[in-house]
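First to last, the protein sequences are chains B and F. With positions in the first sequence counted from 1, the corresponding number in our numbering is that position plus 4. With positions in the second sequence counted from 1, the corresponding number in our numbering is that position plus 94.
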Amino acid sequence: MSGRGGMHGNRVCPHCLEYFNVEECRLKVIRGELYTICPYCDETIKKLKNFPPEERERLLRREHDFDHDLRNLFRKDKIEDINDVYLKTNDAKDYLHNIFEGGEAEDSLDSFLFQKDPFIKKLQKIKKAEGEKAEKEQRKVRVEASKEAEAERGKKPVEMKKTKSEKGETEKGISTRGILVETKEKGWIQEISPEEAPIRVEKYTPEEVKEREITEKEVKSSDKKSVTKSQSTGDRTRSEGLREEAKKIGQWGEKYAFRCIKDEMMKNILIPL
Amino acid sequence: MKDTEQGVRLEKDGKVIVEVIWLNKNGENGQHYDIKIPENGKEIFIEVKSTKEYRKTQFEVSREQWKFLKENGDKYYIYRVYGARTKNAKLEKIPNPAKLWKEEKIEAYPICIVL
């Protein structure tokens, strides 16, 4: 039998009797099952599972690669949305294109994935739930922010959003004023304002330092640690973010120190430094 | 006690008893110290060094600050703030760091190279 393209391909379409190559065909997904579309008559030909064993094995291997690839990407949190599937699953790109971009798929890619792999299904559910939770949080923060802005406009005192830890402190009777809203910012956030931090002043005792050995590890790590804003010749390679945080810490420290001095002034009238 | 534009002032009968000038109150000043207290004709200089850690980590001192603290001896203080931005913050006063350094009670690790 010869097709329109000559003796070409490894399968014969039962409808138009043309030869075609299964791997070059568009595929169709119906209720989670794969079908081949004849490139000549566009008829749905056979379910994948009815293909000859060696062919089926080859296709399933390809399927497996696709699933494996996708699964890894999900695991590594590289898939943000469905577009990422197209962008990042290079091995599966053509495969997906055949199925979904060909306009033949009755199922969506989502539903296809759902049916393909329970693991992916589970991940998607988790991601969806996480997304909803994050959205809810963001909405909450936006509402808080707008309330805050309204209060600011009305010159009303503002009570900032309380974090879990702050709630604990409130129960103990410590004011939460000046405590920052929990942010997505990585690293350390302000727990208390310098105006509210309890005053603790000690005199330096050199002996403690003398007895202490500064290890090489500490020397190295201290280079990366936050220092006050006062350093002007600090490590220039330090990232902007770290510098910004160091600056905030420095400003906080200055305010706190200033408050400690004021407190001493109140107590002693003259400052015994 | 009266808050001023630059800090705080303690007055009695219209006479200034003590004044604290916080140089960076309204933004970074670029001086070799953060707080100045004029007292009895002399001045006390305070440099605040803060870390969020509670332990005695090292802190950096610029070349200019180092020079200034040596020049000013007992007029210069380092106020070391541990646990900055936490409710467990603590301030430690280090008087005359230059003297402490000379007496080998504190150590300094120079890293600046000039060619």
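Yeah, the Cβ is synthetic: ideal placement off N, Cα and C, and Gly gets one too.
F:TYR170 versus B:GLU141 - alpha carbon distance: 49 Å
Residues of its chain near F:LYS164, where Cβ-Cβ distance is below 6 Å and the 5 sequence neighbours each way are ignored: In its chain, beyond the 5 residues on either side, ALA192 have a beta carbon closer than 6 Å to the beta carbon of F:LYS164.
Distance between B:LYS32 and B:PRO43 (C-alpha atoms, nearest Å): 12 Å
Test: B:LYS266 CB closer than 9 Å to a CB of chain F: Chain F contact via Cβ: present.
Pick from F:LYS96, F:ASN118, F:LEU104 that is closest to B:ASN272, judged by C-alpha positions: F:LEU104
Where the beta strand (DSSP E) containing F:GLU186 begins and where it ends: 184-189
Candidates F:ASN118, F:GLY177, F:GLN125, of which the one nearest F:LYS161 by Cα: Measuring C-alpha to C-alpha distances from F:LYS161 to each of F:ASN118, F:GLY177, F:GLN125 identifies F:GLN125 as the nearest.
Closest by C-alpha distance to B:ILE196, when choosing among B:VAL26, B:TYR260, B:GLU249, B:GLU28: B:TYR260
Whole-angstrom C-beta distance between F:ILE140 and F:TYR148, which should lie under 8 Å: So it is not a contact: roughly 21 Å between Cβ atoms.
Exposure label - B:THR209; buried when at least 16 CB within 10 Å: Flag for B:THR209 reads exposed.
Residue environment, B:PRO198, which counts as buried when at least 16 other CB atoms sit within 10 Å: buried
Per-residue DSSP class, three states only, for B:VAL26: helix
B:ASP267 versus F:GLU122: straight-line alpha-carbon distance, rounded: 23 Å
Listed by chain order, chain F residues near B:LYS207 by CB distance under 7 Å: Those are LYS187, listed as they occur along chain F.
Closer than 9 Å to chain F by CB, B:SER226: Below a pLDDT of 50, predicted positions are generally treated as unreliable, and B:SER226, at 45, falls in that range; no measurement from the model is reported.
Range of the contiguous alpha helix (DSSP H) that encloses F:GLY135: In the DSSP annotation of this structure, F:GLY135 is not part of any alpha helix (DSSP H), being labelled neither H nor E.
B:GLU206 - containing beta strand (DSSP E), residue span: 205-207
Counted within 10 angstroms of its Cβ, other Cβ atoms place B:ARG146 as buried (16 or more) or exposed: exposed
Three-state secondary structure (DSSP) of B:VAL16: strand
Same chain only: Cβ atoms within 8 Å of F:SER156, ignoring 5 sequence neighbours per side: HIS126
Chain B contact for F:TYR173 (CB, 9 Å cutoff): yes
Within chain B, partners of F:ASN118 - CB distance below 7 Å: GLU258
Cβ shell of B:VAL205 (< 6 Å), same chain only, five flanking positions each side left out: CYS264
Closer than 7 Å at the beta carbon, the chain F residues around B:GLY254: SER144
With 16 other Cβ atoms within 10 Å as the buried cut-off, status of F:GLY108: exposed
CB contact below 9 Å: F:ALA167 versus chain B: Correcting the residue type first, residue 167 of chain F is Gly in the shown sequence and not Ala. Answer no: the Cβ-Cβ gap between F:GLY167 and chain B never drops below 9 Å.
C-alpha distance - F:LYS96 paired with F:ILE111, whole-angstrom precision: 11 Å
C-beta contact flag for B:GLU22 and B:CYS45 at 9 Å: yes
With 16 other Cβ atoms within 10 Å as the buried cut-off, status of F:ALA202: exposed
CB contact check: F:ASP107 to chain B, cutoff 9 Å: no
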